[in-house]
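Peer 1:
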Amino acid sequence: MNHLIVNKGYQPIDSLNNPDNGQKWSLWRKLLLGLSPSDYFRQVLRNPFNWVLGLIFAIGLPVIIYRYATGLGGVMHASYDYPWGLFLGFGLFCMVPLSASGFLLGTTVELFGHKKFKPILRLALLNGLLGYFFAVVYLLVDLGCPWRLYYPMFVSWGTAAVLFLVGWHVATYLSVQIMEVSEAFFEWVNWPTAKKFIHSGTIGLTVAGIILSTLHQGALGTLLCYAPGKVHPLWYSQEFLWIFYLCSSVFAGICMVIAVSTVVEKTMSWRCGSEFLDNLGPITIGLAKGATMALVTYLVIKIIGIIHDNEWAYLTTGWGTWFMLEIGLGVILPIILFSIGIRKNSVWLVRFTAFLTILGLMMNRLNTALITFNWDLYQEIPHPLEAVITVTIFALFITVYRFILYRLPILYTWKTVSEEELVSIADLDSTQTQQAAVLVDTAGKESLGPA
Amino acid sequence: MRRISRRGFFKVTAAGSSALAISSTKKAFGMKEFKGYPDSMGVLVDLTRCIGCRTCEAACNKEHGLPEPEIPFDDFSVFDQVFHDGKRKRRTSDSAYTVVNRYDDTSSGAPVYRKIQCNHCNEPACLTSCFVNAYTKTKEGAVIYNPDVCVGCRMCMVACPFRIPAYSYHSALHPQIIKCNFCYDTRLKKGKPPACVEACPQEALTFGHRKTLIKIAHERIRSDPDKYVDHVYGETEVGGTSWMYLSSVPFDQVGFDTSLQHHPILDNTKSFLGFVPMVLGIWPAMFMGFHLLSTRGKEETEKKVSENK
Chain A
27 MNHLIVNKGY
37 QPIDSLNNPD
47 NGQKWSLWRK
57 LLLGLSPSDY
67 FRQVLRNPFN
77 WVLGLIFAIG
87 LPVIIYRYAT
97 GLGGVMHASY
107 DYPWGLFLGF
117 GLFCMVPLSA
127 SGFLLGTTVE
137 LFGHKKFKPI
147 LRLALLNGLL
157 GYFFAVVYLL
167 VDLGCPWRLY
177 YPMFVSWGTA
187 AVLFLVGWHV
197 ATYLSVQIME
207 VSEAFFEWVN
217 WPTAKKFIHS
227 GTIGLTVAGI
237 ILSTLHQGAL
247 GTLLCYAPGK
257 VHPLWYSQEF
267 LWIFYLCSSV
277 FAGICMVIAV
287 STVVEKTMSW
297 RCGSEFLDNL
307 GPITIGLAKG
317 ATMALVTYLV
327 IKIIGIIHDN
337 EWAYLTTGWG
347 TWFMLEIGLG
357 VILPIILFSI
367 GIRKNSVWLV
377 RFTAFLTILG
387 LMMNRLNTAL
397 ITFNWDLYQE
407 IPHPLEAVIT
417 VTIFALFITV
427 YRFILYRLPI
437 LYTWKTVSEE
447 ELVSIADLDS
457 TQTQQAAVLV
467 DTAGKESLGP
477 A
Chain B
406 MRRISRRGFF
416 KVTAAGSSAL
426 AISSTKKAFG
436 MKEFKGYPDS
446 MGVLVDLTRC
456 IGCRTCEAAC
466 NKEHGLPEPE
476 IPFDDFSVFD
486 QVFHDGKRKR
496 RTSDSAYTVV
506 NRYDDTSSGA
516 PVYRKIQCNH
526 CNEPACLTSC
536 FVNAYTKTKE
546 GAVIYNPDVC
556 VGCRMCMVAC
566 PFRIPAYSYH
576 SALHPQIIKC
586 NFCYDTRLKK
596 GKPPACVEAC
606 PQEALTFGHR
616 KTLIKIAHER
626 IRSDPDKYVD
636 HVYGETEVGG
646 TSWMYLSSVP
656 FDQVGFDTSL
666 QHHPILDNTK
676 SFLGFVPMVL
686 GIWPAMFMGF
696 HLLSTRGKEE
706 TEKKVSENK
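First to last, the protein sequences are chains A and B. Under our numbering, residues 27 to 477 are what the first sequence spells out, in order. Under our numbering, residues 406 to 714 are what the second sequence spells out, in order.
1. Looking only at its own chain, which residues have a Cβ that is under 6 Å from the Cβ of A:Leu465, when we skip the five neighbours before and after it?
2. Count the other CB atoms, across all protein chains shown, that sit within 10 Å of the CB of B:Met683; report buried if there are 16 or more and exposed otherwise.
3. With DSSP collapsed to three states, give me the class of A:Phe277.
4. Would you mind reading off the limits of the beta strand (DSSP E) that contains A:Tyr199?
5. Does the segment 271 to 283 of chain A come within contact of the segment 680 to 698 of chain B, defined as at least 3 CB pairs closer than 8 Å?
6. Might you give, ordered along the chain, the residues of its own chain that have their beta carbon closer than 7 Å to the beta carbon of B:Ser482, omitting 5 neighbours on each side?
7. With 9 Å set as the bound, which would you pick, yes or no: does the beta-carbon of A:Tyr252 sit closer than that to a beta-carbon of chain B?
8. Mind checking if A:Lys256 is an interface residue toward chain C, Cβ cutoff 9 Å exclusive?
9. Which residue wins for smallest C-alpha separation from B:Arg519, given the options B:Phe484, B:Lys542, B:Asn538?
10. Check for me: the alpha helix (DSSP H) holding B:Tyr638 runs from which residue to which?
11. On the CB-based measure, 16 or more other CB atoms within 10 Å of its CB, does A:Ser456 come out buried or exposed?
12. When you compare only the Cα positions, how much space is there between A:His258 and A:Ile366?
13. Straight-line CA distance for B:Pro472 to B:Cys465?
14. Using a threshold of 9 Å, state whether the C-beta atoms of A:Ala161 and A:Leu231 are closer than that.
15. Less than 9 Å separating the beta-carbons of B:Trp688 and A:Thr228?
16. Cβ closer than 9 Å: which chain A residues qualify as neighbours of B:Ala501?
17. Could you tell me which uninterrupted alpha helix (DSSP H) segments, each at least 4 residues in length, are contained entirely in the segment 331 to 401 of chain A, listed from first to last along the chain?
18. Closer than 8 Å by beta-carbon distance: list the chain B residues that pair up with A:Glu265, in chain order.
19. Are A:Thr310 and A:Val357 close, meaning C-beta to C-beta below 9 Å?
20. Is A:Pro45 close to chain B, meaning its C-beta is less than 9 Å from at least one C-beta of that chain?
21. Exposed or buried, A:Gly115, counting other C-beta atoms within 10 Å across all chains shown (16 or more means buried)?
22. Output the distance between the C-alpha atoms of A:Thr96 and B:Arg496, rounded to the nearest integer angstrom.
23. What's the gap between the Cα of A:Phe364 and the Cα of A:Pro123?
24. Indicate the three-state DSSP secondary structure (helix, strand or coil) for B:Lys440 in the structure shown.
25. For B:Ser534 versus B:Met560, is the C-beta distance shorter than 9 Å?
26. Work out the CA separation of B:Pro516 and A:Glu341 for me, nearest whole Å.
27. Of the residues that make up the segment 235 to 249 of chain A, which ones have a beta carbon closer than 8 Å to any beta carbon in chain B?
28. Look at A:Met294 and A:Leu392 and say whether their C-beta atoms are less than 9 Å apart.
29. Out of A:Gly331, A:Thr219, A:His242, A:Trp183, point me to the one whose CA is closest to A:Tyr199's CA.
30. Report the partner residues of B:Val505 according to the DSSP bridge assignment.
31. Whose Cβ in chain B lies nearer than 8 Å to the Cβ of A:Ser182?
32. I want to see whether chain A comes within less than 9 Å of B:Val684, judged by CB atoms only; does it?
33. Could you check whether the Cβ of A:Ile280 sits closer than 9 Å to any Cβ belonging to chain B?
34. The ligand HEM and A:Ala210: does any heavy atom of the ligand fall closer than 8 Å to the residue's C-beta?
35. What separation, rounded to the nearest whole angstrom, lies between the Cα atoms of B:Arg625 and B:Phe536?
36. Please list the partners that B:Gly557 has in chain A, where partner means a Cβ-to-Cβ separation under 7 Å.
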């Protein structure tokens, strides 16, 4: 994408009005990033990554159709001993902790008032929203009767079930996150009243996010408390599994923000605002500090878990080696690397470590939900088509993610009329400036295009 | 301002408290223990009497109109079938509610046969883990399933400590959980024993009140202590089951999970579920407090700074 933009001296849309003629951008032009349709499609074809995505969809979408036509049995092993596969193991158990970013950064910026992290707040919120949304998409593939997704809400209540809590919380939290991200959307479509309305409820939404996240991140772990004996004792803990899950979601969410911001900075710097780009280094280091604290806490409570259930003997078995590998690569090594990165102020070491931590987290979730499940029975490798669908949905996740980042003011600041106006009238004398400022104040973000 | 009358106040309060009573089910917060319905029925399976004739399998298949199996019920080669590198014997499936397996390497030297089916727990994990209440434990002791509300999450299959529920994965439009229902609709409701029990030629299966069956089981052990292992499997496992077993060889030699907990699976989640209302109650005030403590001073300074500009 960069090439063409650079060639044409392209300026991405970042304001209500076209700076060339002062006209409002039409929605159509906004969707096309300010390009003409032919230019836009030339760009799409030019980007090799789009071809990769296209290839994945060309293979994956027919497989998804096949899944709905033949039932789950067509794409899974239809195992009674392994009822859950990659759709839940990856789609729910990994995506949800990696999407904790929204509530974490929301808490940091809005609740504790650490404005330093504000440039990355919207990215964290969007990452949370999309992660949860796509966890639900994975669910829609995995559920035997996806058309009954709303049953636990409106048809039949199993209130004693942990999954009931997960279902309700994911649904409510998804709505909360839609509201949080909608501020950016309202700026983009120019609905200042709606933005103001949502903005007035920021603190309420943030606190709701904390409550819901505490409970459902933990509840995901508690789901496996229904299967004592099936999950390997080293990964199982009746008392602490929920807090292991909650604590690890903290560093998972933070690392996901570091990882995504890295990708964004490398692949779409044209879309990043200066506030984002200039502050990303210190923000990344700051995030790494938070992640390190969560990692250390997690390591401590994991050790407490082993002591509490007296599981030392298992550590000498093959499963024990696997467990120590997970802790070593996913927790201890990240703690060391993060510490070095923070001390040396090395953004790149921190970024590398964030990716490593994400892999470690995924290893943990897949281990508890899939790999060590039925550890004393037999192991089952997921069906290849299951992997194809999982990758396809993840590609869809990336596509939607990129589509939104290209357009909504997530990485850049939406230039409201007030700023443009102030710039354009900066030369005018002071009385006029004051009048204009008053005008802008009262009209908020209304269109007062330069005359 | 409209005054609230005394009558109106009571109306609102009554409505509120009844709503609360409905929403907080006894399962989650109320009763500490559920020992099963007093008149729950059950079946005692005496492995020492089973000869592996598979009559029960055939009777079950007929009773529930299940598809005819590839290998007929009088073909005993099925006992040699193993799956997953010999790690797994036959199990219940979407076309078999019950299955008999033969175990050769037992301490008695002779092969031992074991029938498996849903054990109809007193406090079933499938039921308590189901988020749409698709399962019901009837007062007669059966654990029955309602496919009309099932979403197909398969949590019950994960939760079942006996690995019993199967799923019709190959149905695109009507996939559902498939498991033994104790012949609830056709027999148990009318006080009749299930088809498999009625068909057993060896009286290996005894149908009766669960309480009576426990007495019978212990009486058999007492009268012939050399023959039986001194344990009634299912009396206390996962809080007790309606189907119970007697064996002449240690239970772990014939495929039973002897490491199961002796309290309901639901108990494992109670401490977390008890934490939920506390989070809902405490977190809002706590985090609003954090917010006020950490931002109040800052906002004022920020205001001053902007005013000075």
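Cβ atoms here follow ideal geometry from the backbone N, Cα and C, with glycine treated the same way. All values derive from a computational prediction rather than experimental measurement.
Peer 2: Working from what's here:
1. If you number the first sequence from 1, residue 465 of chain A lands on position 439. Note that A:Leu465 has pLDDT 43, beneath the 50 cutoff, so the model's placement of it is unreliable and the number below is only indicative. Listed in chain order, the non-local C-beta contacts of A:Leu465 below 6 Å within the same chain number zero, local neighbours out to five positions each way being set aside.
2. Residue mapping note: residue 683 of chain B aligns to position 278 of the second sequence, counting from 1. Exposed, because fewer than 16 other Cβ atoms sit within 10 Å of the Cβ of B:Met683.
3. Taking the first residue of the first sequence as 1, we reach residue 277 of chain A at position 251. DSSP places A:Phe277 in helix when its eight states are reduced to three.
4. Within the first sequence, numbered from 1, the residue matching residue 199 of chain A stands at position 173. Note, A:Tyr199: premise wrong, no beta strand (DSSP E); alpha helix (DSSP H) at 188 to 215.
5. Taking 8 Å as the limit for Cβ pairs, the verdict is that the segment 680 to 698 of chain B does not touch the segment 271 to 283 of chain A.
6. Translated into positions along the second sequence, residue 482 of chain B becomes position 77. These residues qualify, in order along the chain: Ile476.
7. Taking the first sequence and counting its residues from 1, one reaches residue 252 of chain A at position 226. A:Tyr252 counts as touching chain B.
8. Going by chain labels, chain C is absent from the structure shown, which instead holds the protein chains A and B.
9. Taking the second sequence and counting its residues from 1, one reaches residue 519 of chain B at position 114. When each option's Cα is compared against that of B:Arg519, the closest is B:Phe484.
10. Counted from its first residue, the second sequence places residue 638 of chain B at position 233. Note, B:Tyr638: premise wrong, no alpha helix (DSSP H); not H, not E.
11. Within the first sequence, numbered from 1, the residue matching residue 456 of chain A stands at position 430. In this prediction, A:Ser456 has a pLDDT of 47, which is less than 50 and means its spatial position is unreliable; what the coordinates show is noted afterwards. A:Ser456 should be labelled exposed.
12. Mapped onto the first sequence, residue 258 of chain A falls at position 232. Mapped onto the first sequence, residue 366 of chain A falls at position 340. A straight-line Cα-Cα distance of about 34 Å links A:His258 and A:Ile366.
13. Locating residue 472 of chain B in the second sequence gives position 67, where the first residue counts as 1. Locating residue 465 of chain B in the second sequence gives position 60, where the first residue counts as 1. Going from the Cα of B:Pro472 to the Cα of B:Cys465 covers about 11 Å.
14. By one-based count along the first sequence, residue 161 of chain A stands at place 135. By one-based count along the first sequence, residue 231 of chain A stands at place 205. No.
15. Translated into positions along the second sequence, residue 688 of chain B becomes position 283. Translated into positions along the first sequence, residue 228 of chain A becomes position 202. In this structure, A:Thr228 does not lie closer than 9 Å to B:Trp688 by Cβ.
16. Looking up residue 501 of chain B in the second sequence gives position 96. Those do not exist, as B:Ala501 stays about 11 Å from chain A at its closest Cβ, beyond 9 Å.
17. The qualifying runs are 344 to 353, 359 to 370, 373 to 392.
18. Here residue 265 of chain A is taken as the residue at index 239 of the first sequence, counted from 1. What A:Glu265 touches in chain B: Ser676.
19. Residue 310 of chain A sits at position 284 when you count from the first residue of the first sequence. Residue 357 of chain A sits at position 331 when you count from the first residue of the first sequence. Cβ atoms of A:Thr310 and A:Val357: not closer than 9 Å.
20. Position 19 of the first sequence, counted from the first residue, corresponds to residue 45 of chain A. False, the Cβ-Cβ gap to chain B never drops below 9 Å.
21. By one-based count along the first sequence, residue 115 of chain A stands at place 89. By the neighbour-count rule (16 or more Cβ atoms within 10 Å), A:Gly115 is buried.
22. The residue labelled residue 96 of chain A in the question sits at position 70 within the first sequence. The residue labelled residue 496 of chain B in the question sits at position 91 within the second sequence. Roughly 24 Å between the two C-alpha positions.
23. Within the first sequence, residue 364 of chain A is the residue found at index 338, counting from 1. Within the first sequence, residue 123 of chain A is the residue found at index 97, counting from 1. Approximately 20 Å between the Cα atoms of the pair.
24. Here residue 440 of chain B is taken as the residue at index 35 of the second sequence, counted from 1. Assignment of B:Lys440 by DSSP, reduced to helix, strand and coil, places it in the coil class.
25. Taking the first residue of the second sequence as 1, we reach residue 534 of chain B at position 129. Taking the first residue of the second sequence as 1, we reach residue 560 of chain B at position 155. Yes. Within cutoff.
26. One-based indexing of the first sequence puts residue 341 of chain A at position 315. One-based indexing of the second sequence puts residue 516 of chain B at position 111. Note that residue 341 of chain A corresponds to Leu in the displayed sequence, not to Glu. If you draw a straight line from the Cα of A:Leu341 to the Cα of B:Pro516, it comes to about 36 Å.
27. Result list: Ile236, Ile237, Thr240, Leu241, Gly244, Ala245, Thr248, Leu249.
28. Here residue 294 of chain A refers to the residue found at position 268 of the first sequence. Here residue 392 of chain A refers to the residue found at position 366 of the first sequence. Not a contact, by the Cβ cut-off of 9 Å.
29. Within the first sequence, residue 199 of chain A is the residue found at index 173, counting from 1. Distances from the alpha-carbon of A:Tyr199 to those of A:Gly331, A:Thr219, A:His242, A:Trp183 put A:His242 closest.
30. As a first step, residue 505 of chain B is located in the second sequence; it is residue number 100 there, counting from the start. Under DSSP, B:Val505 takes part in a beta bridge, and its partners are B:Lys520.
31. Residue mapping note: residue 182 of chain A aligns to position 156 of the first sequence, counting from 1. Close to A:Ser182, with beta-carbon spacing below 8 Å, are these residues of chain B in chain order: Val537, Asn538, Ala539, Val554.
32. Start at 1 with the first residue of the second sequence, and residue 684 of chain B comes out as number 279. It does; some Cβ of chain A falls within 9 Å.
33. As a working mapping, residue 280 of chain A is identified with position 254 in the first sequence. No - not a single Cβ of chain B is within 9 Å of the one on A:Ile280.
34. Summarising the ligand content, the structure contains no ligands, and the ligand HEM is consequently not present.
35. Along the second sequence, read from residue 1 onward, the residue named residue 625 of chain B stands at position 220. Along the second sequence, read from residue 1 onward, the residue named residue 536 of chain B stands at position 131. Rounded to the nearest whole angstrom, the C-alpha separation of B:Arg625 and B:Phe536 is 41 Å.
36. Here residue 557 of chain B is taken as the residue at index 152 of the second sequence, counted from 1. Under the 7 Å cutoff, chain A gives Leu169, Gly170, Cys171.
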